[in-house]
Amino acid sequence: MYEKMREAKIKITEVAMVGAISACAQLRDIRISNTLTDHLEEGCCDRTQIVSTALIHMHSKCGNIDLALREFSTMRYRDVYTYSAMIAAFAEHGKSQNAIDLFLNMQEEGLKPNQVTFIGVLNACGSSGHIEEGCRLFRIMTGVFGIEPLPDHYTCIVDLLGKAGQLERAYDLIKQNATSSIATTWGSLLAACRLYGNVELGEIAAKHLFEVDPEDSGNYVLLANIYVSNDKWERAQEVKKLISEKRIKKPSGYSSIQ
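Next comes the structure, spelled out in structure tokens:
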């Protein structure tokens with residue numbers, strides 16, 4: 001739609017512009033990102049709040065946090081979606097404190113965070129090791145703002161606790177909440193078990209993953225490597241044999257179990 005409107009030399013609609021920006025964000029194509037930005041500077045489309053919010057997301061995905069922040073800073077009006085996009089951008093680029101500060105700032109502006117906002121700020125806490133702050137934010141999300149946690153929220157917390165070595169606490173959270181028991185959540189726990197060499201919880205997480213996603217060889221490799229790190233060579237070979245028997249394709253980057 002976008003290209004057809006450009007060829008016809010007619011003003012680009014908001015829908016077409018946002019569609020093009022979103023596609024570029026998904027592709028993470030810097031060249032297209034620059035082209036779309038240039039077109040906007042030329043006035044091809046009205047720079048609405050929705051368009052600017054999409055631009056923040058696109059610039060972040062294309063690796064340019066400075067352009068994302070510039071877009072955010074020059075906006076006259078910002079809503080919860082705009083703040084959520086910028087918080088997610090900060091989190092994605094390792095600027096965790098900026099994300100947390102912006103989360104607080106939006107509330108000072110009278111805006112109520114939504115589910116997407118919390119995913120961004122919880123990711124920020126996870127990448128920066130703010131364990132208790134992340135858990136506190138998770139509690140106020142449900143207790144203060146009345147937001148029902150999505151599986152993504154549980155995955156953020158499990159990942160946060162797992163990276164900090166609090167594996168039992170992460171496992172308890174999964175057990176206590178049925179909606180949290182999904183592949184990404186168990187995957188976060190399994191990865192943490194690989195990091196800390198926890199065989200018992202690693203086996204539990206792997207068992208669940210083999211049931212819900214039996215074709216993902218990365219899970220088998222993680223379990224095998226947990227065994228290797230604990231000198232359980234026979235078990236590691238059993239997992240390797242299982243991969244061969246099931247004819248599961250090994251993921252790129254995993255040439256061998258090590």
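Following full-length UniProt numbering, the numbering of the sequence shown begins with 1 at its first residue and continues without gaps. Quick reminder that beta carbons are idealized off the backbone N, C-alpha and C, glycines included. Nothing here was measured: the structure is a model prediction, and the numbers come from that model.
* Asked: Would you call the CB atoms of L190 and L223 closer than 9 Å?
  -> yes
* For S255, which three-state DSSP category applies? -> Low confidence applies to S255: its pLDDT is 47, below 50, so where it sits in the model is not reliable, and the reading given next is rough at best. Residue state, collapsed to three classes: coil.
* S255 versus K95 - alpha carbon distance -> Bear in mind that a pLDDT of 47 at S255, under 50, signals an unreliable position, so the number given afterwards is only what the model happens to contain. Computed Cα separation, rounded: 33 Å.
* Kindly indicate the opening and closing residues of the alpha helix (DSSP H) around P151. => Taken as a continuous stretch (DSSP letters only), the alpha helix (DSSP H) holding P151 covers 151-163.
* Where the alpha helix (DSSP H) through residue 263 begins and ends -> There is no way to answer for residue 263, as the model of the chain reaches only from 1 to 258.
* Buried versus exposed call for N198 [16 or more other C-beta atoms within 10 Å across all chains shown] -> Answer is buried; the Cβ neighbour count reaches 16.
* Buried or exposed (CB count within 10 angstroms, at least 16 for buried), K11 -> exposed
* Could you say which of A16, M17, G129, S180 lies nearest to V150 if we only look at CA atoms? => Before going further, note that residue 150 is Leu rather than Val in the sequence given. The shortest C-alpha separation from L150 is found at S180.
* From the DSSP output, in three-state form, read off E42 for me. => coil
* **For Y37, the nearest candidate out of E203, L161, A68, I100 (CA to CA)** => Residue identity differs from the one stated: residue 37 is Thr in this sequence, not Tyr. Here the closest residue by C-alpha is A68.
* State buried or exposed for Y77, treating a residue as buried only when at least 16 other CB atoms are found within 10 Å of its CB. => exposed
* Asked: Just the Cα atoms here: how many angstroms apart are D213 and V221?
  -> Between D213 and V221, the C-alpha separation is close to 14 Å.
* At least one CB of chain B closer than 9 Å to the CB of D172: is that the case? -> In summary, chain B is missing from the structure at hand, where a single protein chain is found.
* Give the straight-line distance between the Cα atoms of E7 and C44, rounded to the nearest whole angstrom. => 12 Å
* Asked: R169 by DSSP, collapsed to three states: which one?
  -> helix
* What residue does the alpha helix (DSSP H) around L195 start on, and which one ends it? -> The continuous alpha helix (DSSP H) containing L195 extends over residues 183-196.
* Near L161, what residues of its chain come up, given a Cβ to Cβ distance below 6 Å and the 5 sequence neighbours on each side ignored? -> R169, A170
* Along the alpha helix (DSSP H) that carries E71, what are the first and last residues, could you check? => 65-74
* Which same chain residues, not among the five before or five after S184, have their C-beta less than 8 Å away from its C-beta? -> According to the sequence displayed, residue 184 carries Thr and not Ser. Correct list, in chain order: P151, D152, T155.
* To do: Between the Cα of S217 and those of I30, C193, D172, R247, spot the shortest distance and give me the residue it belongs to.
  => R247
* To do: In angstroms with no decimal places, state the Cα-to-Cα distance between T53 and Q97.
  => 21 Å
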